[in-house]
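K.L.:
Take the sequence shown: its position 55, counting from 1, is numbered 68 in the numbering used here, and each next residue is one higher.
Cβ coordinates follow ideal geometry from the N, Cα and C atoms, glycine included.
All values reported here derive from a predicted model rather than from experimental measurement.
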Amino acid sequence: MHVVGNWGERIFDDDDAANFSYQLDDLSEEDRSACLKSALEMVVSKGHRFDGRDGVYAVAAAALVARELEGGDDFKSVICGPSNPIPPPTRELIEIAERAVLVFLDERSSTDWWFGHDLDDRSFRSMLNQLRTVLSGGLSGNPAALW
Numbered sequence: 014m015h016v017v018g019n020w021g022e023r024i025f026d027d028d029d030a031a032n033f034s035y036q037l038d039d040l041s042e043e044d045r046s047a048c049l050k051s052a053l054e055m056v057v058s059k060g061h062r063f064d065g066r067d068g069v070y071a072v073a074a075a076a077l078v079a080r081e082l083e084g085g086d087d088f089k090s091v092i093c094g095p096s097n098p099i100p101p102p103t104r105e106l107i108e109i110a111e112r113a114v115l116v117f118l119d120e121r122s123s124t125d126w127w128f129g130h131d132l133d134d135r136s137f138r139s140m141l142n143q144l145r146t147v148l149s150g151g152l153s154g155n156p157a158a159l160w
């Protein structure tokens, strides 16, 4: 099943994720960080009981945090993303992003359920593991291009 607005399996290959990243341009630098934190905390606080859009926003927020870190170049999109810079993430924001990614990687999570469409689960989980590696301070290596 293909849902209108989703054209691929990468983080910003979804209208909601792309729009989330673009809306950051309308915010002050301080509010951009707060928006990322809010999207991540929504998933962390609800555990496995969040709706699909919250999941999309949290994965996008985690990717926007990760792309500012060493090894995060794989999460920079030439097509989607805010035009204005994201402030350097704080340790707290990085830790919340990593916790959100762990929620998605948990076996109880169902990517089809929260994103509402079929995904190549191995590819998506591989991307999530890569995201977690960057957020936890590891280097990204050079997996198949994510963008």
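Please check the pair F25 and S90, which I expect to be a contact at CB under 8 angstroms, by giving their CB distance rounded to whole angstroms.
P.N.:
5 angstroms
K.L.:
Report yes if the C-beta distance between L118 and V78 is below 9 angstroms; otherwise report no.
P.N.:
In this structure, V78 does not lie closer than 9 angstroms to L118 by Cβ.
K.L.:
Give the straight-line distance between the Cα atoms of F33 and A73, rounded to the nearest whole angstrom.
P.N.:
7 angstroms
K.L.:
Is A75 near L53, with beta carbons less than 9 angstroms apart?
P.N.:
For A75 and L53, yes; Cβs fall inside 9 angstroms.
K.L.:
Less than 8 angstroms between the CB atoms is what I'm expecting for D44 and M55, so what's the real figure, rounded?
P.N.:
In fact, because the Cβ distance is near 16 angstroms, the residues do not count as touching under 8 angstroms.
K.L.:
Can you check whether the CB of L148 is closer than 9 angstroms to the CB of A110?
P.N.:
yes
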